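Engineer: Residue numbers (my numbering), protein chains in the order written: chain A, 1 to 110; chain B, 1 to 117.
1. Along the stretch 46-68 of chain B, what residues have a CB closer than 7 Å to any CB found in chain E?
2. Assuming contact is defined by CB atoms lying nearer than 9 Å, are residue 78 of chain B and residue 25 of chain B in contact in what I supplied?
3. Nearest-angstrom Cα distance between residue 2 of chain A and residue 106 of chain B?
4. On the DSSP letters alone, give me the boundaries of the beta strand (DSSP E) that residue 51 of chain A sits inside.
5. Mind checking who residue 21 of chain A pairs with in its DSSP beta bridge?
6. Please list the residues of the stretch 67-80 of chain A that have a C-beta atom closer than 7 Å to any C-beta atom in chain B, keeping them in chain order.
7. Kindly indicate which residue of B/116, B/41, B/51, B/96 has the alpha-carbon position closest to the one of residue 27 of chain B.
8. Just confirm the distance between the C-beta atoms of residue 111 of chain A and residue 38 of chain A, as a whole number of angstroms; I'd bet it's less than 8 Å.
9. Output needed in chain order: residues of the stretch 77-107 of chain A with a Cβ under 7 Å from some Cβ in chain B.
10. Let me know the secondary structure DSSP gives residue 60 of chain A once reduced to three states.
11. Please classify residue 88 of chain A: does DSSP put it in a helix, a strand, or coil?
12. What's the C-alpha gap between residue 48 of chain A and residue 40 of chain B?
13. Give a yes or no on whether the C-beta atoms belonging to residue 34 of chain B and residue 54 of chain B are separated by under 9 Å.
14. Where does residue 87 of chain B fall in DSSP's three states?
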């Protein structure tokens, strides 16, 4: 069965520091991959998506992700974290329906 | 664009009563809508997929007689929790597919917090 794994349940970084959130997927073919962010009181917002083509994907709010087929990974990165980035992050694959990873809670220290 | 709303945002009901949650796509037509349940500190669990004008497809383990889903128009889907019990207390989230179909991104509503007393 298809699955998405986010190994880090909780990450704390200092404001201004770089960030990498890990995501691994399990799927035979190339999946459609997404990163969503969930802030309290708000709906999930799409940060970026990968369907095909360039494996480095740029998203909103300064985020990017790199698809690595050899590692079955789609890690999310940001060079400099802002306090407003504190939220819950979900990596998903879409095989006709979205399969969510467990989520990573990002805490940002001032 | 691609805004999805949910109503109500919070609801408290007594055990044994039914509660309806509405999900609307405000600026686009949503052929397919999805209903998720999210437990505290947990990921989203897909409950069902609904297509306009047809019966919903429920995920394994989801009671279709307890969670009634209606998708009567291209902009509205409803989830009715029938004979609610405290264990049904949860955060319910709907989403809608874009015009590229179910393989594309989904647009999420802000969620509805249901508390059953």
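For glycine and all other residues, C-beta sits at the position ideal for the given N, C-alpha and C. Just so we're clear, the structure is a prediction, and the values are computed from it rather than from any experiment.
Structural biologist: On the basis of the data shown:
1. The question asks about chain E, but that chain is absent: this structure's protein chains are A and B.
2. Translated into the one-based positions of the second chain, residue 78 of chain B becomes position 78. Translated into the one-based positions of the second chain, residue 25 of chain B becomes position 25. No, these two residues do not count as a Cβ contact at 9 Å.
3. By one-based count along the first chain, residue 2 of chain A stands at place 2. By one-based count along the second chain, residue 106 of chain B stands at place 106. C-alpha separation (whole angstroms): 18 Å.
4. In the first chain, residue 51 of chain A corresponds to position 51, counting from 1. Taken as a continuous stretch (DSSP letters only), residue 51 of chain A belongs to no beta strand (DSSP E), as it is neither H nor E.
5. Here residue 21 of chain A is taken as the residue at index 21 of the first chain, counted from 1. For residue 21 of chain A, which the question treats as bridged, DSSP gives the partners A/76.
6. none
7. The residue labelled residue 27 of chain B in the question sits at position 27 within the second chain. The candidate whose alpha carbon is nearest that of residue 27 of chain B is B/96.
8. Given a span of 1 to 110 for chain A in the structure shown, any question on residue 111 of chain A remains unanswerable.
9. 90, 94, 96, 97, 98, 100, 101, 102, 103
10. For this step, residue 60 of chain A is matched to residue 60 along the first chain. Residue state, collapsed to three classes: helix.
11. If you number the first chain from 1, residue 88 of chain A lands on position 88. DSSP places residue 88 of chain A in strand when its eight states are reduced to three.
12. Here residue 48 of chain A corresponds to residue number 48 of the first chain, with the count starting at 1. Here residue 40 of chain B corresponds to residue number 40 of the second chain, with the count starting at 1. Residue 48 of chain A and residue 40 of chain B: Cα-Cα distance of roughly 25 Å.
13. One-based indexing of the second chain puts residue 34 of chain B at position 34. One-based indexing of the second chain puts residue 54 of chain B at position 54. No, the Cβ-Cβ distance between residue 34 of chain B and residue 54 of chain B is not below 9 Å.
14. Your numbering for residue 87 of chain B matches position 87 in the second chain. In the structure shown, residue 87 of chain B sits in a helix (DSSP, three-state: H, G or I).
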